[in-house]
Structure formats: C-alpha cells, structure tokens
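Residue numbers (the numbering used here), protein chains in the order written: chain U, -16 to 68; chain X, 27 to 239; chain B, 334 to 993. In what follows, a single structure is set out as structure tokens and then discussed.
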Amino acid sequence: MKTFKFKIATKLKEEIKDPKGIVIEDISKKLEILNSPKIKAGKYYEISFEAKDKQEADEKIKLLAVDILTNPIIETFEVIESIEL
Amino acid sequence: MTKIKAAIVDFLGSNCTIETYDALKSRKYEVEIIKPDESNIEKYNLIVLPGGFSYGDYVKAGRIAKFSPVVEEIKKINKSNKKVFVLGICNGFQILTESGFLKGALIENITDKFICRDVLVNFNNQNFTLPIAHKEGRYYIENFEDIKDYEIIKYIDNPNGSKFDIAGLYDKKTLIMGLMPHPERNMITPFKAKGGSIIFDFIENEMRQNGII
Amino acid sequence: MELYKKLNISDFLYEDIICRLKRKPNDFETYLFSAMHSEHCGYMHSKNYIKDFYNKNNHKDENAGSIKIKDHHLFFKIESHNHPCAIEPYQGSMTGIGGIVRDILALNARPIALMNSIKFENTGYHFQGVVKGISDYGNSIGAATISGETIFDEAFKDLPIVNVFAAGIVKKDKIKLSKAKKDCLIVLLGSKTGVDGLNGANFASNPLDENSNRQSVQIGDPYTKNKLIEATLKINSSKNTIACQDLGASGILSSTSEMAYKGNVGIELYLEKVHTQIPNIKPSEIMLSESQERMAFAIKNTPKAIEEIEKIAREYELEYSIIGKTTNDKHYKVFYNNELLGDIELEILCNPYGYILKEGKQNKKPENKNLDLKRQFENLIQNKNFSSKAFIYEQFDQNVKARTCFSQNDNMIGIQYLKETNSFVGYIIHSALGDTAKNNVKNTFLHCYRSLVSCGIEPKGLTNCLNFSNPNYIEVQNDFLETIETLKNLSFEYKLPVVSGNVSFYNETKENKLKPVTTLAFVGCANKKNIIPFALKKDYEIYLLNPNDQTNFKIENEMKKYIFKNKYITCPIGSLGLIGTLIKKSLFYNLGFEINLENKEFYFKPYLNSYLIFIPKGQTPEKSKIPLCYIGKLVDDKIKFDNLSYDIEDIKKHYQKFGN
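This is how it looks when you write it as structure tokens:
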C-alpha cells in the first residue's frame, strides 16, 4: 500500500448562478479592489489515504468527489494536485 | 429626563431590525433606523448592530459589513473622547469581532448546524434565559489573557462549543458589547420570558455611569 | 422527432392546442405550451375538482388565499417541492421556501410564518440536504419557522416529500392583486434571468428518471430574497403599482401571461430588454427560466412610476428591467429585437384542457395484525418517528421577528402574536399516513382542528397540499377523487374555508409509486385570555375526553366548547397513539405516567378521536356533556400501563436516538 495526497476543489458549474461569488464581486467592485471581476466560489479539500497504486487512488478520489463532495447535476470538481507520499 | 437616542443600523440582509426597534421603543428610547452609509452617528447615545445575515453572510458572517462607513465612524468615535454605547446582537456581534472592536472570532458552531434554543446565561451575578439562533456563534480566542479585561456573558450549558463558555463580551473601556443571544426577542413578546430586559437595565446603567445619559 | 414530443406534450394535448389555435403552433409557441399546458402550471388533472371546497375568501384566483383578522388579512398557502428535492435536496428545499414566500409577497403581505412537512426514507442524503436548505434559506429571510413535521418511512424511498407553508400579514386596503390593467408597463425586478431551473414546470409534470437533469435545478439566494421582500413590499404599497405576480414555475411566461389573463387585457413582451445572466441565452430559455428571486409588476405607464421603481431598486441594490406593456387585444405577443416570435390568445395559453377523472377500484392496505401490548410498545419505541425531532427543529429559527409566543421548542404548536391586530394566531401542519386516502384526510383534518382547539385557538381556515403518483393510473384517480370529496365534505361540515391549495402529481420512480399524502395546514385565531399554554407537572391527573372514539361535528364542537370554557391543559392524540403521544408530551418535562384503559385497543390506536386532559391533583374536573374518564396520573420515573412497566431512563435512550 502507498499513501497518496490529493488537493481537490469543487464549485458550481460555470452556467449556474453562484450567489457567494456575486457578493464578493460586488464588494470588490465597490471598494475598487478589482476591475470587472469574475469570481466563482468553491470549496477546497486536502485528502490523504492509502491505495494500491496511482490508478486506484485516482479512481477512489473520483468516487468520493462524485458521490460525496459534489452533486454532479450542479457542481464540478477539479484535482489541483495529487502526490504520492 | 431626556430620552435615550438610539440608532439601529439596517444592513442589507439584516433581519432583526423591526423587533429590535420595537424592543428599544418599549424602553421609551427615541429610535431611528439608519443605513450603513450614515456618517453622522455622534448624536446617538446607543448604536445597535442588529441580528440577521448582512450581505447574505455568504463569505463569512459579518465580513462584508465591516467595510461600511458606519463602522469607520464607530472607529473614529472610539479614538476620540466622545462616548457612544455600541451593542452588537448576533450578526452584530460577528460584525464587531470581524471589525476588530472586540477580540476573538465567531466561527461555525461545533455541531456544524444552526441552533435555535433558549439558553441559560450568567451575567452580572444573575442567571437568566435568552434565546440563541445562529450558525456561526462559536467564540474562539487562543488565550483567556487577551480578554481578561472584558466582562463576560457566559453560557451555563455551552450549546455551540464556545471557548470559555462565552456568549457575549463587554468592553468597559470602549463601551462596546457583543452578544450572540437575542435580548430583543425576550422583551416584548407575550408569554415569553423577559430576560432581555436585564441586558438593557445593565446598558442603561453603564450609559449613566459614563455620562452618556 | 417533432419538437412537441421532445417537450413531453402528448399527442392528445397537441391536437387540442391545434384545434383551439386553428393552426399549428410554431416552435417558440410550442415551448410556451409545453410549460403552460403542463400539469405543474395548468393543473390539468385537478382543475375540474379543486374549486369545490367550502371557501368564503374572496381571493380565489390569487397566489394565496386569506382569512380576515380585524382590519388585516392573513394570507397563507402550502406548496410542494418534491421533484426538485429528489434530485438536488439542498437547492430544492431552499427554492421551495423561496417560491411559497413569493406567493404571499405578491399580495403585498409581509411573510411572518413558515412551516414544513417533510418526509424521507431515512436520515440520509435527501433528509440532510432538505433540512440544511430550510435552515440556510428560511432562517435568513426574516419569517419564523413556527412549526413543522418530519416523517420517516420506507414509502418515501427516492421520493422525498417536501411541502412548505408560508403566511403573511397585510392591511386590508393594502392588498395587491395580480390582475393587470390596460396601459401598464411590465417590470421585472430581482436576479438576472439565467439557465438555472429551465423548464422546471415540465420536469415536475413527469415521473423522475435519469433524464431529470441539471437544467431543472434552481439555485436559491436568500440574501437577494431578503432584499426582494423589502423592495416588493415598498413597490406594492405604491398607488402606481397596479398588479404583482411572482416568478415561479415557468418564470416570465406564466407570471406575465397570468397577470394579463386575470386582468382581461393583452400583453407584449420585448425579450431583449430582460436582464440576463449569460449573453447567449435563447428567447425560449428566457421565457421558461425559473431563476429564483424575481418578481413581476404591472405599473402605470408614467415617468413617475418608473422613477419610483428605479429608486427602490437602487436602495436595495437590485436590478430591474421594463420588459413589456399591456394591450387591449387579449393576446400574448412576444418580440425579440422587433421580430414577432409568438402570438397566442391568452384564453388558449392560460386555460389548458381539464381531464375528467374516473372512480375506480379501492387501493386498500391490509389491516394491522393484532399484536400484544408489549410487542406494540416495543414497535413504538423502535419506530423512527417516535424519536425527538429537536435535532431538526432546533436548526430552524422559530423566533425571528419576536412574534413567536410558542413553538416546537416549547412542546407546542406554533402560536404568534400579531401586533397589527393585537391578537394571536395558531398554526399547525400535518399529514396522517394510514390505510386509505379517505381516512388520511379525515385524520389529518381532525388532528389539525384539535391541535388548535387544545391551545384555546378557534380554527379559521386551512390550506391543502395533495401529493399523488401518476394521475394516469385509475387507482390514483380514485384516491384523488376520494381525497377531494372527503375534504370538501369536512370543509362544509365544519364551515372552515379551504383558502388555497396545491396538487403534486407524478411522484413516482421506476421502482416506487407514492401512496397518497394529504398535507393540511390550519390557521386559527385567539385573544390573549383564551390561550392555553401547555406545561405538565408531576401528579397531574390524566383524563380522556370522549373515550368512545366516536366523532362527528357535534361531538367535536362540544369538546371544543368544554376545553375553551375550562381551559384545561390538553392535547389530541396523534399518529403514535395514546401511549406514544403521552410519552412525547411528558418526557419533555422529564415525567412518566401510570394509566389504565378499559379498551386495550386504544393504547396504540393512532388518531383516537379524543383529547388527553391534564388536571392538577385534587381538582375535580367540571361536568362535561361528552364523557370524561379518569385514566391515570403523571409520575416521576416510570411508564406504566396495563400490567407493563418501563423505566423512563430507558425510554429516553430511544427518544433521543438521533440527537446531536
């Protein structure tokens, strides 16, 4: 068994309204921090676990992301980083 | 005796403004509801930041409201020698900690859920009931040393995992009080306990002692 | 495949449309028909039946109905959001509350109370999402979640039932109706129109299957709703506002067409004016989008009226657009950059075909086997529905706006103080689940009625939400007709107006078809001196009022008079039977009880037609025309009945099994 560490981000799909992103856009415009901002809010996870090999680790992380971390109807996930410890 | 002049800051997303107004009126205060971009606040004796979900609380409870002009004004008053009592209730307390007026932070309840319940609190040598209704009410501070000068409103039976059972804080030096429980909900409603009045008796006494009224 | 088939319009309905239009609808118009002639918007299987209830209220065709309280009206309604919650429980329950709140708001009533009746297979995915959604959305919009019920049963596998209630108060002369007039501008206020919740009406008018996709999911935004509520109440209080309609199912399409249809005028829309979320959104998508947090207004066509909207929108940081105007010709015309996309007579668009249903064979469940008392008791405490629901209702803000006098936190139904009229309102929501549709309606009706009476509150009116499986099945039609008939008779007998309602069909998956669920919400009124707070103490003696389990209007009315006159602490008997009800009521105060009944069947019989009456020790109860029978007393630490005895500490473990 090897230990793998994943960094995963989830967010609402591009075309779906993201109220949190909109509120941050509005305040950053108001305070003149950013010019014409586009902001998408999401969630970030750090996950480490044991698996036979990289392929199995990838499969398991996909299972977790699709079944638990997101509802694929409205959300997507992205693996930001995956390393073998 | 002249009436106490109070202002309630109605942020977009605040939802306890009306009952706070009614509660202050029941104490015979002269009450105005003001917008967060109001800059002339020195004329009030009491500023109340009410409960609710200012700007949706989508980022973090109280985070966006701290950028309001009215918060800047409170900072100015704090630095000057003018005196105004500031009370933050629930979301108002969150705004006070996010803005740095009171030390520490309010984070998600240990249960990770909203809690609506009547709780027993201890303050000023009395035990009494007040309702809580919040999701981000777990008070956090690393060292008790940092808040040793504050007066503390304590939970008798800690509902949300707050450090040192803290339900509310009062900084005597700046006359700023933050409360997670809602005193305004237990003052005017028929059949409800009247614990909220104990808080306002205290506030009035403090205002008197400090020459505000 | 032809477009109408892709959009789930049946051949029969398509023929009906062609016959009335005297031509084929073009593609754009076909999209409009797919929404307006869907079950969800058009009530086609129920429209011929749901108007038969006793109803004195004069807002029959509005978004919600009302009861009058002095110079104010309390508007209320209940609505289902089952389909959205099945595929995205969190967003589904949020937007369910959002929708019912808008219905109340459209009449210029300030929303003050929410309730929910939610049902699940277990405490899994659907349950967690729905409860979190109600908590996150309901808590932040400033209306108290005053009461509710949660039921767990295998019957709800993959078919969560989410029925939400809202009530709002408005002064009589401030009521705003949804009837547009000539020479009005149509204003759209609130969130941008996007592709979320696209064609949700059509989706909710079909069984759930793998094609139930993301486009039907609406996204809730409670912060924008909060602003929209305040802005709408301001706009609706202006004399320049002629009519108001919320944007729910079929968004812009149904709100604007209904405003015109009810007002007997026509309408022209210019879709390029609508403020949208994405640039490349199609005209049909703009029409059918169910993006949340939007309201439509018909305002006077004057610079002053526009200025007023502009000012209020700016104050609440909301966007608005003027998207059309009313006309004289009773047609619904839609333009996009000067191109006429569709032109339909409103009578055809807004008044779809109504089916005639047939009575068929009875859909009966076998009777329960007679188990011995010990087994029945064990079944009771193992039952998921026996456990305390504090872990659910404590997640809902029951007190916001400081109107709440009593709620579930106080072991009671919801009671609010109405400062506008200096009076009190009681609320209860319930749905009995039993053997037949008819019994369910009757038990639900009587339980709601008695729940109000037990607190000293005079029942004044009700609203219904009828949840059924596929209306094409003969047994579903039969159950539906039986439900309507029973509710109609009860409403006439008790002279209680059914002020509003909602029907949800197609609650089925491939494996599971929903048995009929009738959810009722009752509202009643009282003065302060009439209210009977519930609180129990040790040694209180327990009586059973009407121990014969018979019921009719006369008996119920006598019992009401007796309770109102003597103001004894009392409660009705619910789904868990006498023992279950007593345990739930007494454990709240850390008490047990000792009782004995002559008729052993009555220990566990659900919805016994009686009240439990609690009288302080030593007091003799007043004489009653209805038999009153001593059955036992409240004690410290035991639950004893017949020859059985249990320690309350053991029962508590079962009672608190879902705690934090």
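Where is the CB? At the ideal position from N, CA and C, for every residue including glycine.
query                                                                                                                           : result
Within-8 Å CB hit, residue 78/X to chain U                                                                                      : no
Three or more C-beta pairs below 8 Å linking the stretch 793 to 800 of chain B and the stretch 943 to 961 of chain B            : no
Cα-Cα separation between residue 736/B and residue 231/X, rounded to whole angstroms                                            : 28 Å
Buried/exposed call for residue 868/B, threshold 16 Cβ in 10 Å                                                                  : exposed
Residue 34/X versus 176/X, 72/X, 203/X and 68/X, residue with shortest Cα-Cα distance                                           : 72/X
Beta carbon proximity, residue 619/B to chain U, threshold 8 Å                                                                  : no
Neighbouring residues, chain B, relative to residue 89/X (Cβ below 8 Å)                                                         : By Cβ distance, chain B contributes nothing, its closest Cβ being about 13 Å from residue 89/X, past 8 Å.
For residue 912/B and residue 871/B, the rounded distance between their alpha carbons                                           : 17 Å
Buried versus exposed call for residue 6/U [16 or more other C-beta atoms within 10 Å across all chains shown]                  : buried
Contact with chain X by residue 2/U, beta-carbon distance below 8 Å                                                             : yes
Straight-line Cα distance separating residue 527/B from residue 547/B                                                           : Residue placement at residue 547/B cannot be trusted, given a pLDDT of 46 that sits under 50; what the coordinates show is reported in the next sentence. In a straight line, the C-alpha of residue 547/B is about 13 Å away from that of residue 527/B.
Through-space distance from residue 163/X to residue 134/X, alpha-carbon basis                                                  : 6 Å
Endpoints, beta strand (DSSP E) assigned at residue 233/X                                                                       : Not the beta strand (DSSP E): residue 233/X falls in the alpha helix (DSSP H), residues 222 to 235.
Inter-residue Cα distance where the pair is residue 879/B and residue 488/B                                                     : 33 Å
Sequence-distant residues of its chain with Cβ nearer than 6 Å to residue 103/X (five each side left out)                       : 110
Chain B contact for residue 164/X (CB, 8 Å cutoff)                                                                              : no
Cutoff 8 Å: residue 547/B Cβ touching any chain X Cβ                                                                            : Summary for residue 547/B: the model assigns pLDDT 46, below 50, so the residue's position carries little reliability; its value from the coordinates is reported in the next sentence. Chain X, which has no Cβ nearer than 8 Å to the Cβ of residue 547/B, makes this no.
Residues bridged to residue 448/B [DSSP beta-bridge criterion]                                                                  : 480/B and 498/B
Secondary structure of residue 22/U, DSSP reduced to three states                                                               : coil
Nearest residue (CA-CA) to residue 656/B, options 612/B, 588/B, 597/B and 690/B                                                 : 588/B
Span separating the alpha-carbon of residue 630/B from that of residue 561/B                                                    : 13 Å
Beta-carbon gap between residue 637/B and residue 483/B smaller than 8 Å                                                        : no
Short Cβ contact (8 Å threshold) for residue 877/B with residue 824/B                                                           : no
In DSSP terms, what residue 7/U is bridged to                                                                                   : According to DSSP, which records beta bridges pairwise, residue 7/U is partnered with nothing at all.
Chain U contact for residue 85/X (CB, 8 Å cutoff)                                                                               : yes
Under the three-state DSSP convention, the category residue 414/B falls into                                                    : coil
Beta carbon proximity, residue 221/X to chain U, threshold 8 Å                                                                  : no
C-alpha distance - residue 99/X paired with residue 65/X, whole-angstrom precision                                              : 6 Å
In DSSP terms, what residue 749/B is bridged to                                                                                 : 737/B and 758/B
Partner residues on chain X for residue 475/B, Cβ-Cβ distance less than 7 Å                                                     : 41
Option nearest residue 513/B by Cα separation, candidates 601/B, 465/B and 539/B                                                : 601/B
Residue environment, residue 32/U, which counts as buried when at least 16 other CB atoms sit within 10 Å                       : exposed
Of the residues 62/U, 47/U and 21/U, the one placed nearest residue -3/U, counting alpha carbons only                           : 21/U
Segment contact, 8 Å Cβ cut-off, at least three pairs: the stretch 656 to 674 of chain B with the stretch 610 to 622 of chain B : yes
For residue 854/B, three-class secondary structure by DSSP                                                                      : strand
Completely contained beta strand (DSSP E) runs for the stretch 853 to 893 of chain B, where each covers 3 or more residues      : 874 to 878
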